[in-house]
């Protein structure tokens, strides 16, 4: 069996598989070389590893190349409160832009790879490459949109609506990132999902089971297939869902 040696991998910005998500169209070769010289491709980080901690000074912004991460705060009682999840092509570290210190802690949900964008160098390059500055603003805008969509899932009063809204928000994010919006894998545990949504593990499990029983989704462990996005949207809007008696089995 051939084993992938992560230490041998070296991707430039030009041949990175997600460069269409973060690079401006038509960037010159010279500007590409400047960007590539600045970006620090980190070694894959293990599941549970910390990317940055609350209180640490702003050093870099971080672009997720592969994998996924969560960001969390620590409550006054010392408990963990998850406040967001990040996917490939999404920008992390924006929490530190205001005070130049991180306000939350980021941890990998699975083996992940990250591009470190040193903040001072990034600011300097953006001032000379307007297209890159526009691309950075687009990434920040995508992050704000994702945050707003996920906040809607928390604001749903009923547990079923919260889970349905979360799955729809995740579907929209995957679509923006050019992944399938209908089939995806949840890299967070039921506990982590419940922590984010303000629900117990048991309540999350019941909600997921109900959505599957009603023919809106199909679940295989952590893999989710959305069968009826319109039905999920109706739940989010508090409308009754007309459930077909003929459940999709594929």
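Residue numbers (our numbering): 414 to 663. Every residue gets a Cβ at the ideal spot worked out from N, C-alpha and C, and that includes glycine.
Alpha carbon to alpha carbon, how far is residue i from residue j?
| i | j | result |
| --- | --- | --- |
| residue 531 | residue 626 | 48 angstroms |
| residue 637 | residue 629 | 10 angstroms |
| residue 562 | residue 456 | 31 angstroms |
| residue 481 | residue 545 | 24 angstroms |
| residue 518 | residue 465 | 6 angstroms |
| residue 470 | residue 540 | 22 angstroms |
| residue 644 | residue 588 | 18 angstroms |
| residue 594 | residue 564 | 19 angstroms |
Count the other CB atoms within 10 Å of the CB of residue i; is the residue buried (16 or more) or exposed (fewer)?
| i | result |
| --- | --- |
| residue 533 | exposed |
| residue 543 | exposed |
| residue 662 | Note that residue 662 scores 37 on pLDDT, short of 50, meaning its location in the model is unreliable; the coordinates nonetheless yield the value given after this. It counts as exposed. |
| residue 641 | buried |
| residue 573 | buried |
| residue 473 | buried |
| residue 462 | exposed |
| residue 615 | exposed |
| residue 511 | exposed |
Which residues mark the beginning and the end of the beta strand (DSSP E) in which residue i is found?
| i | result |
| --- | --- |
| residue 671 | Because the chain spans 414 through 663 in this model, residue 671 falls outside it and cannot be assessed. |
| residue 469 | First-last for residue 469: undefined, no H or E at that position. |
| residue 529 | 526-531 |
| residue 632 | 630-633 |
| residue 521 | 518-521 |
From what residue to what residue does the alpha helix (DSSP H) around residue i run?
| i | result |
| --- | --- |
| residue 621 | 614-626 |
| residue 596 | Run containing residue 596: none in the alpha helix (DSSP H); it sits in the beta strand (DSSP E), 596-598. |
| residue 481 | Note, residue 481: premise wrong, no alpha helix (DSSP H); not H, not E. |
Quick check: residue i and residue j, are their CB atoms within less than 8 angstroms of each other?
| i | j | result |
| --- | --- | --- |
| residue 383 | residue 575 | The displayed coordinates of the chain run from 414 to 663. Any statement about residue 383 would go beyond what the structure contains. |
| residue 497 | residue 484 | yes |
| residue 570 | residue 598 | no |
Practice task
Inspect the CB distances between the segment 546-557 and the segment 596-613 and report whether three or more fall short of 8 angstroms.
Solution key: Contact fails: fewer than three Cβ-Cβ distances are below 8 angstroms.
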